[in-house]
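Worksheet for the structure shown next.
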Amino acid sequence: MKLVRNRYKGVVFFGEPGSGKTTAAKVLTDKVGGCELLEASLVLKFALSLKQLPKTKGEFIARVDDGHKDDVINRDKAREIFSQLTQKYSKTIVAESMNALVDRKYKDKFVVIAGARALDAAKFYKLNNFLIIYLECPRRELIGRLKSRQKSEQEVKRELRHEEEIYQTKKIKKVADLVLDSFKMSPDQIANALLDYLQSVC
């Protein structure tokens, strides 16, 4: 099966840390042709590569590229850079930059975006013709998944708390086009449910 741009430019996966966003996005991309998988963190990695941030939001958005997408950035540094960008430019700077990059470089492809954050970003993506997917998962399961990444339970709870404070992640469920349970569904089932949804609305 091949996904093409029609009603949507692509899909954006949201959810708390450990909810399976990136895994589901990769499975979806592997299932279909004509897709481009992008991580929203590439904007943060690009910003981190700069010696100095551009003065204006327009200049930053125009310069964003995916040349640093394979760089590694931890969650604490990501939150720090996110806060710097939103304070300097706007609450939706990451989403605006991703949208501009998609239009500039991937306009002929259906795009799958993983690792997206923030309620304001979800609203922006939705207004710009992206399908918003929210993956929910019971808190106890999230903690277990994150602990398997060599973190203590205290560290995991702190991370989840910080994520909610900064990104208002749980509120995204209210604006999502499709809400799926990553505890009850496998990544493959999530991808199939999404494909069924796209076929029904496009």
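Residue numbering for the sequence shown follows my numbering, beginning at 1 and increasing consecutively. For glycine and all other residues, C-beta sits at the position ideal for the given N, C-alpha and C. Every value quoted in this text rests on a predicted model; they were computed, and no experiment measured them.
Assumed close pair residue i, residue j - CB separation to whole angstroms, cut-off 8 angstroms
i	j	result
VAL12	ILE113	4 angstroms
GLU16	LEU142	6 angstroms
LEU85	ILE93	5 angstroms
ARG75	GLU155	At roughly 10 angstroms, the Cβ-Cβ gap does not stay under 8 angstroms, so ARG75 and GLU155 are not in contact.
CB contact flag (residue i, residue j, <8 angstroms)
i	j	result
ASP65	PHE82	no
CYS137	GLY18	yes
ALA118	GLN168	yes
THR23	PRO187	yes
TYR89	PHE124	no
ALA176	MET185	no
ALA122	ILE172	yes
The ligand ADP heavy atom lying under 7 angstroms from the CB of residue i
i	result
ASP196	No copy of the ligand ADP occurs in the structure displayed, which carries no ligand at all.
Inter-residue spacing [alpha-carbon to alpha-carbon] between residue i and residue j
i	j	result
LEU237	ALA95	Past the edges of the chain, shown from 1 to 202, lies residue 237, and the structure says nothing about it.
LYS21	GLY115	6 angstroms
LYS109	LYS170	29 angstroms
ARG79	HIS162	9 angstroms
ALA62	THR56	10 angstroms
HIS68	LEU131	25 angstroms
GLY144	ASP181	16 angstroms
ARG139	LYS157	10 angstroms
ASP196	LYS31	13 angstroms
LEU53	LYS77	16 angstroms
VAL201	LEU178	12 angstroms
SER97	GLU153	34 angstroms
DSSP state of residue i mapped onto helix, strand, coil
i	result
LEU178	strand
GLY33	strand
PHE13	strand
VAL64	coil
TYR106	coil
TYR197	helix
PHE124	helix
ILE73	coil
ALA191	helix
PHE130	strand
LEU119	helix
ALA24	helix
LEU48	helix
LEU38	strand
LEU53	coil
Residue-chain proximity (residue i, chain D), Cβ-Cβ < 8 angstroms
i	result
ASP76	As a matter of chain content, chain D is missing from the structure shown, which is built from one protein chain.
Residue of the options minimising C-alpha distance to residue i
i	options	result
PHE14	SER152, ASP120 and ASN192	ASP120
VAL72	SER182, LEU44, SER148 and ALA176	LEU44
ALA25	ARG158, GLN199, LEU50 and VAL111	VAL111
PHE183	TYR134, LEU53, LYS77 and LYS107	TYR134
ARG7	LYS151, ARG149, ASN128 and ALA191	ASN128
LEU37	SER152, LYS105 and SER49	LYS105
LEU214	ASP70, GLY58 and VAL27	Since the displayed the chain opens at 1 and closes at 202, residue 214 lies outside it and no answer follows.
ASN99	LEU198, GLN199 and GLY10	GLY10
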